[in-house]
Amino acid sequence: RMFSDNSATNKSRTGDRTSLTRHDQGLSTIINPANKDSAGNPLSASMKSSLKQLRKLDSRSRANKPIDRNLQHALGELLKMKEKLSLPDAVIEKAAYIYRKALERNLVRGRSISALTASALYAACRQSSTPRTINEITNTINMELDLRMPVVDSVSCIAKIASNAKLSEKTKRHAIKILKKAQQEHLLAGKDPMGMAASALYLASLETGQNIAQRDIAIAAGTTEVTIRNRCKNLRSLVV
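Quick note, the sequence shown lines up with residues 1 to 240 if you use the UniProt record's numbering.
Next up, the structure:
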């Protein structure tokens, strides 16, 4: 709470909300850098010296242990990836939670911080049904990971591709119907989910009259025209 000389009854709460994406979760305090007392008067030389020493100790205490420095580095990486991938706060919070759990269980020793951070973020995206591929995530940190994860549901990729390609809601709904039929026919197993989603959207666009080019839908999905053509062969019989 904040109390001032002007209004002793003003008890408004200040400060940001707590967050797992911060090393201290937003709960720490900072010694005011201004060398003045509460009335705004300059401090004495001895008091300035004491405060300088206190600030130095306070700064060191924030990340004195290797595990703290590791966490600070990892959380910094997560925030960078958030900006590059345009991810919501909830996903980053989940990734931070997963990484903190890995730290608690001593799973980070001898492993790359970047690799574990990317793994935590990918797991968070999967758990929150946020369509981001492992390649998209690793490309933000310029590395490759050897991860074995279940294939992303093609339906969950529809919204992202449709948004990139500026396709209508009608086309999106039609594409989802195509994919659900494909799932019933066991046509999605082992196929790239982004490629299948893009192909379903392409076929749906023909049915709804949007007629987007294969090249444009491929760019929107981050795949190739060849993939679109090949997947369309599998899905064309399902179009109604």
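Ideal placement from N, C-alpha and C gives every residue a C-beta, glycine not left out. Here the structure is a predicted model, which is why all the values come from computation and not from measurement.
In this structure, what does DSSP give as the bridge partners for K36? P42
How is D153 classed by DSSP in three states: helix, strand or coil? coil
Is it right to say E77 is buried, meaning 16 or more other beta carbons lie within 10 angstroms of its own, or is it exposed? buried
Looking at the secondary structure, which residues open and close the alpha helix (DSSP H) in which L238 lies? Segment: none, L238 is in no alpha helix (DSSP H) and carries neither H nor E.
The ligand ZN and Q214: does the residue's C-beta get closer than 8 Å to at least one heavy atom of that ligand? Of the ligands one can find in the structure shown there are none, so the ligand ZN has no counterpart to examine.
I'd like to know whether the C-beta atoms of L107 and L121 end up nearer to each other than 9 Å. no
Can you tell me the Cα-Cα spacing of G190 and I219, whole angstroms? 22 Å
Which residue comes first and which comes last in the alpha helix (DSSP H) that contains E136? I134 to N139
Assuming contact is defined by CB atoms lying nearer than 9 Å, are L103 and I141 in contact in what I supplied? no
Could you tell me the distance, in whole angstroms, from the CA atom of I158 to the CA atom of N164? 10 Å
Measuring alpha carbon to alpha carbon, tell me which residue in K172, S112, L51 and S49 is nearest H73. S112
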